[in-house]
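Every position in the sequence shown, counted from 1, becomes a number in our numbering once 3 is added.
These notes are about the structure you will find just below.
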Amino acid sequence: MSNPLPLAGVKAVEFCQVAAGPFCGLLLADYGAEVVKVEPLTGDSLRQWPPISDDYSENFASLNRGKRSVALNLKDAADLEFARALVLDADVLVENNRPGVMQRLGLGWDWFSERKPSLIYCSISAFGQTGPRAGEGGFDLTVQAAAGVMSVTGEADGDPVKCGVPIADFTAGLYGAFSIASLLARVRAGGAGGHI
Numbered sequence: 004m005s006n007p008l009p010l011a012g013v014k015a016v017e018f019c020q021v022a023a024g025p026f027c028g029l030l031l032a033d034y035g036a037e038v039v040k041v042e043p044l045t046g047d048s049l050r051q052w053p054p055i056s057d058d059y060s061e062n063f064a065s066l067n068r069g070k071r072s073v074a075l076n077l078k079d080a081a082d083l084e085f086a087r088a089l090v091l092d093a094d095v096l097v098e099n100n101r102p103g104v105m106q107r108l109g110l111g112w113d114w115f116s117e118r119k120p121s122l123i124y125c126s127i128s129a130f131g132q133t134g135p136r137a138g139e140g141g142f143d144l145t146v147q148a149a150a151g152v153m154s155v156t157g158e159a160d161g162d163p164v165k166c167g168v169p170i171a172d173f174t175a176g177l178y179g180a181f182s183i184a185s186l187l188a189r190v191r192a193g194g195a196g197g198h199i
């Protein structure tokens with residue numbers, strides 16, 4: 004009999020699009036968690052990114068394998084209640100929206116922490132949840148530029164160049180998953196969850 008994966012039995016709900024958040028959810032799924040991806044009715048925008056094979060984005064497939072998916076209109080009362088029920092039955096919520104979006108939708112940390120203190124709520128954003136740039140949106144390219152990565156990529160006498168892989172997105176997702184696993188250890192020992 005084989006040993007179960009380390010996160011077997013853990014349930015996660017992912018409210019993420021594109022790369023950083025989905026990579027975090029992918030790592031959780033790869034380690035055995037049951038991950039449900041909540042998408043807008045139009046689907047994750049990554050579904051449209053090339054390369055496309057047989058009408059399916061290979062980028063989307065690579066970051067969302069091993070997950071189940073549900074499409075919801077989170078501004079609809081019934082869909083919002085369904086999303087809340089999913090999270091209340093889960094151990095982990097992962098989201099990568101601009102700070103404040105989940106709160107405005109009625110899915111913020113404050114709402115869940117009152118009802119499920121053991122929940123681990125992971126928010127991934129370009130510039131964090133607080134501070135002078137928190138409200139700014141951004142993707143991998145934005146963070147690579149702001150962090151100076153682009154200034155050391157490419158030719159010495161040339162323009163700044165984006166690193167070939169989405170290193171900022173993958174790093175954010177990796178640290179998100181590691182932080183979630185760390186908090187899971189605390190929860191399993193009888194401690195509270197928290198907002199990462």
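Backbone N, C-alpha and C fix where the C-beta goes; we use that ideal spot for every residue, glycine too.
This structure is a prediction, so every number in the text was calculated from the model and none was measured.
Beta carbon of residue i nearer than 9 Å to that of residue j
{"i": "Phe142", "j": "Arg136", "result": "no"}
{"i": "Leu91", "j": "Lys119", "result": "yes"}
{"i": "Val104", "j": "Gly28", "result": "no"}
{"i": "Phe26", "j": "Leu122", "result": "no"}
{"i": "Arg189", "j": "Gly197", "result": "yes"}
Buried or exposed by the 16-neighbour rule on C-beta atoms within 10 Å, applied to residue i
{"i": "Ile55", "result": "exposed"}
{"i": "Asn62", "result": "buried"}
{"i": "Val155", "result": "exposed"}
{"i": "Gly193", "result": "exposed"}
{"i": "Gly167", "result": "exposed"}
{"i": "Gln106", "result": "exposed"}
Identity of the residue in the options nearest residue i by Cα
{"i": "Ala175", "options": "Val13, Val90, Ala81 and Ser128", "result": "Ser128"}
{"i": "Gly109", "options": "Asp82, Asp94, Gln132 and Ala150", "result": "Asp82"}
{"i": "Glu139", "options": "Ala195, Arg71, Asn100 and Arg107", "result": "Asn100"}
{"i": "Val13", "options": "Trp52, Tyr59 and Leu186", "result": "Leu186"}
Residue i, DSSP secondary structure in three states
{"i": "Ser182", "result": "helix"}
{"i": "Gly167", "result": "coil"}
{"i": "Val90", "result": "helix"}
{"i": "Gly197", "result": "strand"}
{"i": "Cys125", "result": "strand"}
{"i": "Ser65", "result": "helix"}
Cβ-Cβ separation, residue j to residue i (assumed contact under 8 Å), whole Å
{"i": "Ala32", "j": "Val41", "result": "Actually they are not in contact, since the Cβ atoms of Ala32 and Val41 sit about 14 Å apart, beyond 8 Å."}
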